[in-house]
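Before any comments, here is the structure.
There are 2 protein chains.
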Amino acid sequence: MQDCEFCAIKSKAVETLNPDELDILKQNCAEVTLQPGESIIKEGLLSSHIAYLKSGLAKICKKGVKGVDQILKIVKPGSYLGMQTVLSNKLHQYSSSAIEESVVCYIDIWSFKELITRNAQFANELILYLCRDELGYFNRFVNVHQKQIDGRLADMILFFSDEINESEKSFRVPLSRNDMAALVCATRESVTRAIKDLSEIGTIRVNGKHFEIVNYDLLKKISEKG
Amino acid sequence: MQDCEFCAIKSKAVETLNPDELDILKQNCAEVTLQPGESIIKEGLLSSHIAYLKSGLAKICKKGVKGVDQILKIVKPGSYLGMQTVLSNKLHQYSSSAIEESVVCYIDIWSFKELITRNAQFANELILYLCRDELGYFNRFVNVHQKQIDGRLADMILFFSDEINESEKSFRVPLSRNDMAALVCATRESVTRAIKDLSEIGTIRVNGKHFEIVNYDLLKKISEKG
DNA sequence: ATATGAATGTGATTAAAGTCACAAAAATAT
DNA sequence: ATATTTTTGTGACTTTAATCACATTCATAT
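As they're listed, the protein sequences go chains P and R.
In terms of the working numbering, the first sequence opens at residue 150 and continues consecutively.
In terms of the working numbering, the second sequence opens at residue 150 and continues consecutively.
Dropping the structure here:
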């Protein structure tokens, strides 16, 4: 059992809870530590819990018609996993798994629903969360379609630098080339070639999973013009 | 001023409102009739209202890097427009316009927020709405990337038949070829050719904007296998 | 250290869809 | 009814990225 009141990365929603409500959360919340590759939620299975990523990094995947998994998003601490599914659907509509050692809190779906109906501020924060999340997907949707591979890969690299590594210019991308491909909607081979492209024109330096941004402005330009 | 209490297509959220709350809604809600092509909300402008589509049909568009508009979704009556933006962002992140004569209710954003914080059931229904909406985009996201044009066009045709025209086999798609292209993420020319393909193998019969599904099963198969 | 299997890089080839240019048809205005 | 503009269809060609086949590197287990 967790002490959600003093959670290091309390969500805005949880901050609205009063002591009684916090108690409901505490009683129905289980913290788990996951290794890279371990599954958080599984597409197609009955959903019973919402997951909250406390630390680490995870991916959200969805099966496509060809059976190939597509990565919808890389999620960082402070994100809810399985919320959309649990609340409006019986079965998980996407999978999620850790891509780095992660700590996840599983919250019982009924307790979660209880908190929503009890506390309008809590609900309100979830609404804001969902809205922002959806707008993010809108952006991703148009970007992925209008940019070609180099631009999409530039996006990925900028994302890992700006969003995941506090704008560090040198960082590790904890994804295989296959996963990178699933993330930028391409094939493994195309990703390899795009990495080579970006390296050759001097925007990045790459060694395995280790990326270094050499020319940020150029990378940004490639990302923007597609 | 509208009588939202007796709205012909009251949303589930509005159904949770008590008389006082309904009154807030009534007082802050304006009904407008729009002609095809008329704008409902505009990307980049300050958002002050949420729109609720009471009748007709609208499209949701978003500008991409190439300046080309992409159609995120075709929305039918009972949908909220601009909700994600208004609640979490100052500026509209997407545009919406009528593609058929439509009736839209504009609800003042502050009244809307007031209802959310007053009535947890109202908030709860909005959460469910947002979740379903987002899951729809997840589907769209993977489909659009894994299917090729014929499959995506089949999807579009099935959508207009099943979702918009109560499974009628013969119907009008109120979109130009250009809009169809923006919807299925392709070019006008490719759409023309895909329509020709599907016609030649006998799945559909097309005359201008008028579509007829001749072989539903085959069309479904093309949609499924991509 | 060696063997095994997975992940990655690379070149050749193919396929899908975009681009361009123009003709035909349809819609709209005069 | 005619002119003008917009939309749509079509063929030739190009571009992008996928596919395939294989080599290489890397990680892990024995």
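From the three backbone atoms N, C-alpha and C, an ideal C-beta is built for every residue, glycine too.
Note that the structure is a prediction, hence the values are computed from the model and not measured.
**Study point:** residue 201 of chain P, enclosing beta strand (DSSP E) - first and last residue
**Key:** First-last of the beta strand (DSSP E) with residue 201 of chain P: 198-204.
Exercise for review: Return the residue from the list P:288, P:160, P:360 that minimises the CA-CA distance to residue 275 of chain P.
Suggested key: Nearest of P:288, P:160, P:360 to residue 275 of chain P, Cα basis: P:160.
Practice item. Could you tell me which of R:355, R:338, R:202, R:257 sits nearest to residue 173 of chain R, measuring between CA atoms? Key: Out of R:355, R:338, R:202, R:257, R:257 has the C-alpha closest to the C-alpha of residue 173 of chain R.
Review point. Looking only at its own chain, which residues have a Cβ that is under 8 Å from the Cβ of residue 196 of chain R, when we skip the five neighbours before and after it?
Key: So the qualifying residues of the chain are 190, 231, 234, 235, 238, 239, 240, 241, 258.
Review point. Given a limit of 8 Å on CB to CB distance, which residues of the segment 218-239 of chain P reach chain R?
Key: Going along the segment 218-239 of chain P in chain order, one finds 219, 221, 232, 233, 234, 236, 237, 238 with a Cβ nearer than 8 Å to chain R.
Exercise for review: Round the Cβ separation of residue 213 of chain R and residue 295 of chain P to the nearest angstrom and send it over; I've been treating them as touching at under 8 Å.
Suggested key: Confirmed, about 4 Å.
Review point. So, using beta-carbon positions, are residue 205 of chain R and residue 247 of chain R closer together than 7 Å?
Key: Yes, the Cβ-Cβ distance between residue 205 of chain R and residue 247 of chain R is below 7 Å.
Point to revise | Whole-number beta carbon distance between residue 203 of chain P and residue 252 of chain P, since they are thought to touch under 8 Å | key: With 8 Å as the limit, residue 252 of chain P and residue 203 of chain P qualify as a contact, their Cβ atoms being about 4 Å apart.
Practice item. Inspect the beta-carbon positions of residue 243 of chain R and residue 312 of chain R and report whether they are closer than 7 Å. Key: No, they are not a contact pair.
Check your understanding: Does the count of Cβ pairs from the segment 215-227 of chain R and the segment 324-343 of chain R closer than 8 Å reach three?
Key -> Contact between the segment 215-227 of chain R and the segment 324-343 of chain R is present, because at least three Cβ pairs lie under 8 Å.
Review point. Is it a yes or a no for the segment 298-307 of chain P touching the segment 334-354 of chain P, going by three-plus beta-carbon pairs under 8 Å?
Key: Output reads yes: the segment 334-354 of chain P touches the segment 298-307 of chain P.
**Study point:** Chain-ordered residues of the segment 265-284 of chain R with a beta carbon less than 9 Å from chain P
**Key:** Of all residues in the segment 265-284 of chain R, 265, 266, 267, 268, 269, 270, 271, 272, 273, 275, 276, 277, 278, 279, 280, 281, 282, 283, 284 have a Cβ within less than 9 Å of some Cβ in chain P.
Check your understanding: Under a Cβ-count criterion, where at least 16 other Cβ atoms within 10 Å of its own Cβ denotes burial, should residue 157 of chain R be classed as buried or exposed?
Key -> By the 10 Å Cβ count, residue 157 of chain R comes out exposed.
Exercise for review: Could you name the residues of the same chain whose beta carbon sits closer than 7 Å to that of residue 177 of chain R, not counting the 5 residues immediately before and after it, in chain order?
Suggested key: Cβ neighbours of residue 177 of chain R beyond the five flanking positions: 256, 257, 260.
Review point. Beta-carbon of residue 378 of chain P versus every beta-carbon of chain R: anything under 7 Å?
Key: Since the displayed chain P opens at 150 and closes at 375, residue 378 of chain P lies outside it and no answer follows.
Review point. So, is the C-beta of residue 297 of chain P closer than 7 Å to a C-beta in chain R?
Key: Residue 297 of chain P does not count as touching chain R.
Point to revise | Alpha-carbon spacing of residue 272 of chain P relative to residue 291 of chain P, whole angstroms | key: Cα to Cα, the separation comes out at about 29 Å.
Review point. Quick one: does residue 357 of chain R have its CB under 7 Å from some CB of chain P?
Key: Answer no: the Cβ-Cβ gap between residue 357 of chain R and chain P never drops below 7 Å.
Review point. Considering only residues of the same chain and omitting the five flanking positions on each side of residue 371 of chain R, which have a CB-CB separation below 8 Å?
Key: Excluding positions up to five away in sequence, the list reads 299, 300, 303, 347, 352.
Check your understanding: Thinking C-beta only, is residue 361 of chain P closer than 7 Å to residue 319 of chain P?
Key -> In this structure, residue 361 of chain P lies closer than 7 Å to residue 319 of chain P by Cβ.
Point to revise | Short-range partners of chain P found in the segment 179-203 of chain R, where Cβ spacing is below 8 Å | key: Result list empty, no residue passes.
Review point. Between which two residues does the alpha helix (DSSP H) carrying residue 270 of chain P extend?
Key: Taken as a continuous stretch (DSSP letters only), the alpha helix (DSSP H) holding residue 270 of chain P covers 269-295.
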